[in-house]
Structure formats: structure tokens, C-alpha cells
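First up is the structure itself, then whatever we jot down about it.
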Amino acid sequence: MTDRENKTSNVEMIQPTDYKYGFVTDIDTDTAPIGLDEKVIRFISAKKNEPEWMLNYRLKAYRHWLNMKEPTWANVHYPKIDFQKIRYYSAPKAAGAKKNFEDLDPELIRTFERLGIPLLEQKRISGVAIDAVFDSVSVGTTQKETLAKYGVIFCSISEAIQEHPELVKKYFGSVVPYADNFYAALNAAVFTDGSFCYIPKGVHCPLDLSTYFRINAKDTGQFERTLLIADEGSYVNYLEGCTAPMRDENQLHAAVVELVALERAEINYSTVQNWYTGDQNGVGGVYNFVTKRGKCVGKKSKISWTQVESGSAITWKYPSVILQGEESVGEFYSVALTHDYMQADTGTKMIHIGKNSRSTILSKGISTGNSVNSYRGLVKFMPSADGARNYSQCDSMLVGSSSRACTFPSIESKNPTAMVEHEASTSRIGEDQLFYLESRGIGKEQAVSLLVNGFCRDVFKHLPLEFSVEAVKLIEMKLENSIG
Amino acid sequence: MLKVSKLNVQIDGKDVLRDLSFKVNAGEVHAIMGPNGSGKSTLSKMIAGYPGYTVNSGDIEYEINGTYKSLLKMEPDERAKDGVFLAFQYPVEVPGVSNFAFLRMAFNSICRHQGAPELSEEKFRKLVEEKTKLVEMAPDFLERGVNAGFSGGEKKRNEILQMAVLQPRLAILDETDSGLDIDALRVVANGVNKLRSPDRAMVLITHYQRLLNFIVPDYVHVLANGRIVRSGGRELALELEKNGYNAYL
Numbered sequence: 000m001t002d003r004e005n006k007t008s009n010v011e012m013i014q015p016t017d018y019k020y021g022f023v024t025d026i027d028t029d030t031a032p033i034g035l036d037e038k039v040i041r042f043i044s045a046k047k048n049e050p051e052w053m054l055n056y057r058l059k060a061y062r063h064w065l066n067m068k069e070p071t072w073a074n075v076h077y078p079k080i081d082f083q084k085i086r087y088y089s090a091p092k093a094a095g096a097k098k099n100f101e102d103l104d105p106e107l108i109r110t111f112e113r114l115g116i117p118l119l120e121q122k123r124i125s126g127v128a129i130d131a132v133f134d135s136v137s138v139g140t141t142q143k144e145t146l147a148k149y150g151v152i153f154c155s156i157s158e159a160i161q162e163h164p165e166l167v168k169k170y171f172g173s174v175v176p177y178a179d180n181f182y183a184a185l186n187a188a189v190f191t192d193g194s195f196c197y198i199p200k201g202v203h204c205p206l207d208l209s210t211y212f213r214i215n216a217k218d219t220g221q222f223e224r225t226l227l228i229a230d231e232g233s234y235v236n237y238l239e240g241c242t243a244p245m246r247d248e249n250q251l252h253a254a255v256v257e258l259v260a261l262e263r264a265e266i267n268y269s270t271v272q273n274w275y276t277g278d279q280n281g282v283g284g285v286y287n288f289v290t291k292r293g294k295c296v297g298k299k300s301k302i303s304w305t306q307v308e309s310g311s312a313i314t315w316k317y318p319s320v321i322l323q324g325e326e327s328v329g330e331f332y333s334v335a336l337t338h339d340y341m342q343a344d345t346g347t348k349m350i351h352i353g354k355n356s357r358s359t360i361l362s363k364g365i366s367t368g369n370s371v372n373s374y375r376g377l378v379k380f381m382p383s384a385d386g387a388r389n390y391s392q393c394d395s396m397l398v399g400s401s402s403r404a405c406t407f408p409s410i411e412s413k414n415p416t417a418m419v420e421h422e423a424s425t426s427r428i429g430e431d432q433l434f435y436l437e438s439r440g441i442g443k444e445q446a447v448s449l450l451v452n453g454f455c456r457d458v459f460k461h462l463p464l465e466f467s468v469e470a471v472k473l474i475e476m477k478l479e480n481s482i483g
Numbered sequence: 000m001l002k003v004s005k006l007n008v009q010i011d012g013k014d015v016l017r018d019l020s021f022k023v024n025a026g027e028v029h030a031i032m033g034p035n036g037s038g039k040s041t042l043s044k045m046i047a048g049y050p051g052y053t054v055n056s057g058d059i060e061y062e063i064n065g066t067y068k069s070l071l072k073m074e075p076d077e078r079a080k081d082g083v084f085l086a087f088q089y090p091v092e093v094p095g096v097s098n099f100a101f102l103r104m105a106f107n108s109i110c111r112h113q114g115a116p117e118l119s120e121e122k123f124r125k126l127v128e129e130k131t132k133l134v135e136m137a138p139d140f141l142e143r144g145v146n147a148g149f150s151g152g153e154k155k156r157n158e159i160l161q162m163a164v165l166q167p168r169l170a171i172l173d174e175t176d177s178g179l180d181i182d183a184l185r186v187v188a189n190g191v192n193k194l195r196s197p198d199r200a201m202v203l204i205t206h207y208q209r210l211l212n213f214i215v216p217d218y219v220h221v222l223a224n225g226r227i228v229r230s231g232g233r234e235l236a237l238e239l240e241k242n243g244y245n246a247y248l
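Quick mapping for you: the protein sequence lines, in order, are chains S and H. For reference, each letter of the first sequence is one residue, going 0 to 483 in numbering that gives the first Met the number 0. For reference, each letter of the second sequence is one residue, going 0 to 248 in numbering that gives the first Met the number 0.
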């Protein structure tokens, strides 16, 4: 006799499997003392041998930050962060010099290999150029020579400050000023590294550009800064990946990403975020408080954000587009998956300024376990935005009975000719759907991933092919029923 | 092929099936008829493995390769891979997953289990398009989401199409006639009749006699209050139509 009552909670039992990127690299590091004051900022700036203007910018941001308050409007809950208990700079020794990958500590190379990012071999793989960021510094950028032939600049932001000060001065902070918000100000004061990219006029970037972020050191915050400029008529695909070790303490990641698209330029920015989420009881994990924003400066320019948010204990992130140019286009495609005790408050802002500018928002949230998954969006039409249009669709899927999904869409229109369409839905992965698929011979795990992939399909199709395969695998792995 | 013996099932502490027993051999078509709430749908879901029901005693056994084994210990997908199929009373919608991809995944999963070769996308498409004719569906519906936005009739036809593609040994058809107009009923019944075979057993679960005019059963059982109160041949269904279920309540 089989008691089938224990089967009632099929869906509840679907738990994420172990986080395979949770290892720690044992490496000599060069660090700043824990805590934050002007001395630490000067220390970071000196470490990077920065010019005076950059240091002054940091100090201005820092002084502004001192008078700011931590935002509390997001639908996330966590103990107050003590900013004096965080280390703001940690770099693997001898990484700063940045010569060849052959000169790097082999431990670092091995770390990135374990993460699936072969730095040495990558030089020989065509298709993608990678900037690898380990804690506070970029340890190297691949494919530089190939890119140089096309005039594409792809390097760490620290290097760009040295080598291309005119571009950095012109665009740094032009999309996300330091006074923008609490974490943007903190980032502007203490940012350590990140990627810089410039695509010259009319160049269709021959490779996909990619940055891989790795947090390793304990108690250390990662404050990276990315600046991407697409000059007139240029085109680039940009990919970003992230992981961190499993630690019981929370780690803070407060990045700023700025994108600038000039006339007829197109930027596709894709992220697969898989920071450590904390354990099944909600202990540890990364706080991912990120400001990402693009500005369609020129006429007919286009910025498209695609994100798969599957990690972090807390995510607070709104990749946005300022549609300044006439007929410019902004897009946001997002899948956010939360499990266990994760909290995600993510969405986008589309600010329409230019005439006939258009934006599309497609957000898919999947909540499992005891997690909370919120979509927060703003669509704003300024008085100048004649004929602007937005289409928004926000769908939530609940798995199990303890997870929550919330939607906070907001629309502000100061132009009567602007048009907006909004659709929203919430559904539950039911026992019934699972049973239906299983009763046709499809195993439970495959059935769950089929349901979830079906739900996310419209977002995944905007990812570059390899990234889309990786995203599907990642989501499947997270949803795999470890009990079987 | 199917042996249900002294099955007692509770849902939320309430007895739904009591000492239910019947046997179905290969090649036979059985009809189980009964009033609303008699336990018909519970029985069909039990055979397919729906979670959440408590079996107090009794067993459901299924013969495969000459030996009987208990279905109760098997997951729903394992039952399906061994040739058990349930045509749902209310087929479930699965938006975003194309009918074609779903059918192919199910088909290949069953082939893998049974040691038959899996089919390439191209070959499988040919097979499915052939089968769509059986239920008179336009092939373009293969690209739509599984049952998503389908009419009641389309959903039922889709169930029969799945049955035709997956070629089960034991098919349970739960209220396949409900919600169908007479033309759709004819199409569906026609599809089912073409799938009758000496190697395949079928159990039709129905409220009305009407379906049995189109699919003529070998045996008819009357289910009332969770037990089989009478069994007989085709003529029993006609008698029920005339006199109703009152005599059994």
C-alpha cells in the first residue's frame, strides 16, 4: 500500500541545487583597511595612480554621500548595513601591473577557468572579448589586438582613466551623476574597477564584448563602474556575468553602469546575474544594489537591456533608458528568478523626452520557496515627447504556496499624444500543469523546466545564442528538484 | 491488462472509492458510467497517478510483459512511459510551450524508456501531421501553445491526437464527450475507434450514454457511491438511459 499523501507538496519540494560557483580562491591580496573615510578614498585613487580630477570627483561624491540617506522605498528587508565594516579595496597582488595573462598568478587563471571563463584559451576563441574583474580590479582583457584593428577600445575603467581621459571626462557621470542616489554616490566615491568600452563611428563591433565579475575576498564590497559609449552609427553586443563564493556574511555589490548611444547607434546589453544567494535559511548572500542606465542621446539610437537575474540575496536594480533622441528606442527584457529567502525588487525606467521615441518592457518574475519577487517600473513622458509610445507586459509565476509576487508599475505622462499599453498577469505553476506533463511521460524536472522556459521564452530569445543556452541551463539548475 | 482490486480511496478524509474492483483485458473497451460525484474522475486520476489522494487499501495493478505490477508505487511519468494514458476531462493549458515541442518531448521520452529509436524533428513532424488528420485538425495548431486559448472541442481533439501519437497500451478517456457538439463528438469518437486494437485496452468514463452510440463498449459498469454496483454488456447503458441512475443511489 502506498500512501500518496506525501506527494501533495510536489511543487514545494522543488529546491535549487547547490551553488557550484561557491568556492573561494586562496590568493595574496593587497587591501585597504576596513571602513570608509577620505583616507581610504585617497588610498584607492593612489593605488590606481589616478589623475587629480578623478580624485576630486571621488571626494565630491563622498562628501555628498555623507549627507544622503539609505533608500527604504524598495520592497526588500535586511538589517541596516554598517558601511564602516566593509572593505573597499581588495586586489590580488601583482594583478594591477596588467601585462600579459601569462604573467598572472596561475591561481587566478584557474579561478576563471573553474567559472567557465578560459582567459588564456579565450585569446584563441573568436567571437567574444572578455574583461575579467576579480574583487576590486580588472585582471585582464582578452582580444584587445583584434578590437584595436577596428578602433574599438575595450579595457578596464582604471586603464581608460589613464589612457583615454578625454572620453572618460566627457561621459563619466553623464548618465548617472553621483548625486543620483545613495548607492550611485557611494560607487562614485569608492569605485575600484570595471569595464570601459568605446565603439567608434560607423563600426559594427566585430566581437561580442563581455565582462565577468567575481567577488572573492571576505567582507569586501565590489563597486565596479562600467562605461560604454557607442558613437554614431555603431553597434555592439555586451554581455555581463557574475558569481561570488558562498559565505555566511552578506557581501555588498553596488555597481554603476552607464551606456551612451549617439545618433543611430545600437547597444544590446545582456546580463546573467548569478551572485551567491545565501543558503536555504537565508544566511549570507550578495546584496546587489545596482544603478544601470542608458541614454539614447542621438536620433534613432537604441538601447536594449536583457537581464536574467537568478542570484543575490537581495536585488535592487532598475536598468533604465533615457530616450532623449528623436525616434530613439529603449527595451527592457527581464527574467527574475527568486528562491528560498531571496528578495528581488527589479524593473526599469523609460524616460521619454524625444519625439516618437518608443519603449518596450517585458518582465517575467518567477518566485519559489519563501522568496519575494517585485517588479517596479516607471514610464514617463516629458512634454516634448510627442507621439512617444510604450508597451509594458509584466508576468509573474508563483511556484509553491509560500512565495510572493508584487507589481508596482507607474506611468507619468505630461504629453497627451503619448500612448501607453500595459498588461500584467500572475499565474501559479500548478500541480495540474505538472501532472498533465508528467502524465505524458515527461519527468518532473523536465516538466518544471519546460513550464518555466515556456514562461520565459519571449525574454530568452533576446539573448545572444550562447548566453541564452547558459541562461536556460542556469534556470533549470536552480529549479532542479534535488529530491528527484 | 488492468486489475483494480478492493480499492479504497479517501480525499480530505472522505471515502470516495470503496472496495472498487474490476478487470480489463487487452483488446477490450469498458465503459464506466455513473452519476455526478460517484467517483468516476477520481478513479481515472488514480490510474494516471494524480498526487494528493490517500489509498487506504487495495491496489491498481498493470500488466506489462506478462507480469502484474502495482501502479501505485510508480510516478505519473513512469506509468506513461509504460503505456498508460489519460485523456483529461479538463485538459490543462501550458502557455509558451508549443504543442509540437511538447508532443515530441513526450514521444521521445517514451521511446527512450521503451528502447525504441527517438525521431528527428523532421520525421516526427511527418508522423504528427499524419495523425492530425485523424482528428481533423489543421496542422498549424501544432505551433500554438499547448491547449492555450483552445476551444473546448479543440482541447478534446488534442487529447485524442496525443493518444494517437503516443500509442498507449491502456487509455483512460475521462468524460471525453463532455462539452462537444455532435459533429465534434463524431470526429473524436471516430479518432478513438481507429485506435481500437487487440493490443490496446480502453476505459471510457462517461455520464451519458450518448458517447456509447459512437464508441461501442464490450462491457459497461455502473459506478455509484464509490463502488461498482452493476456490470453488464452494451445493453446496460441503454437501460440506464431509459431509467436513470436512481435505482442505484
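Glycine included, C-beta positions come from ideal geometry on N, C-alpha and C.
| Check | Outcome |
| --- | --- |
| Cβ-Cβ distance between residue 287(S) and residue 315(S) below 9 Å | yes |
| Segment limits, alpha helix (DSSP H) that includes residue 302(S) | Per DSSP, residue 302(S) belongs to no alpha helix (DSSP H); it is in the beta strand (DSSP E), 301 to 308. |
| Beta-carbon proximity list for residue 190(H), same chain, < 7 Å, skipping 5 on both sides | 133, 134, 159, 163 |
| Beta-bridge partners of residue 256(S), as assigned by DSSP | 225(S), 291(S) |
| Pairwise C-alpha distance: residue 81(S) and residue 48(H) | 53 Å |
| 9 Å Cβ cutoff, residue 13(S) in contact with chain H | In this prediction, residue 13(S) has a pLDDT of 39, which is less than 50 and means its spatial position is unreliable; nothing more can be read from the coordinates. |
| For residue 85(S), three-class secondary structure by DSSP | coil |
| Cβ-based burial, residue 11(H) [other Cβ within 10 Å; buried from 16] | exposed |
| Own chain residues within Cβ distance below 6 Å of residue 154(S), not counting five before or after | 140, 195 |
| Segments of 3+ residues assigned as beta strand (DSSP E) that fall wholly inside the segment 120 to 193 of chain H | 169 to 173 |
| Helix, strand or coil at residue 462(S) [DSSP, three-state] | coil |
| Under 7 Å by beta carbon: chain H residues contacting residue 441(S) | 76, 104, 105, 108 |
| Sheet register partners of residue 351(S) (DSSP bridge) | 322(S), 380(S) |
| Cβ-based neighbour list, residue 362(S), same chain, cut-off 6 Å, excluding 5 preceding and 5 following | 333, 374, 393 |
| Status (buried if at least 16 other CB within 10 Å, exposed otherwise) for residue 59(H) | buried |
| Short Cβ contact (9 Å threshold) for residue 27(H) with residue 217(H) | yes |
| Under 9 Å between C-beta atoms of residue 43(S) and residue 77(S) | no |
| Inter-residue spacing [alpha-carbon to alpha-carbon] between residue 345(S) and residue 178(H) | 43 Å |
| Within chain C, partners of residue 140(H) - CB distance below 7 Å | Any reference to chain C falls outside this structure, whose protein chains are S and H. |
| Per DSSP, cross-strand counterpart(s) of residue 434(S) | DSSP, once it has assigned bridges, lists no residue as partnering residue 434(S). |
| Which residues DSSP lists as bridging residue 356(S), in chain order | None; residue 356(S) has no bridge partner. |
| Alpha-carbon to alpha-carbon, residue 30(S) and residue 58(S) | 20 Å |
| Local conformation of residue 35(H) per DSSP, three classes | coil |
| Backbone secondary structure at residue 204(S) - three-state DSSP | coil |
| Any chain H beta carbon closer than 9 Å to residue 422(S) | no |
| Residue 47(S) - containing beta strand (DSSP E), residue span | No beta strand (DSSP E) holds residue 47(S); DSSP gives it neither H nor E. |
| Chain-ordered neighbours of residue 79(H) on chain S, where CB pairs are closer than 9 Å | 437, 438, 439, 440, 441 |
| Among 472(S), 187(S), 83(S), 404(S), the one whose alpha carbon lies nearest that of residue 33(S) | 83(S) |
| Residue 270(S) and residue 297(S) closer than 9 Å at C-beta | no |
| Three-state class that DSSP yields for residue 170(S) in the structure shown | helix |
| Residue 150(S) at chain H interface by Cβ criterion, 9 Å | no |
| Cβ-based neighbour list, residue 413(S), same chain, cut-off 7 Å, excluding 5 preceding and 5 following | 380, 381, 382 |
| Boundaries (first-last residue) of the beta strand (DSSP E) holding residue 10(H) | 1 to 10 |
| Best match in 340(S), 339(S), 335(S), 406(S) for proximity to residue 455(S) [C-alpha to C-alpha] | 335(S) |
| Inter-residue spacing [alpha-carbon to alpha-carbon] between residue 152(H) and residue 98(H) | 16 Å |
| 9 Å Cβ cutoff, residue 234(H) in contact with chain S | no |
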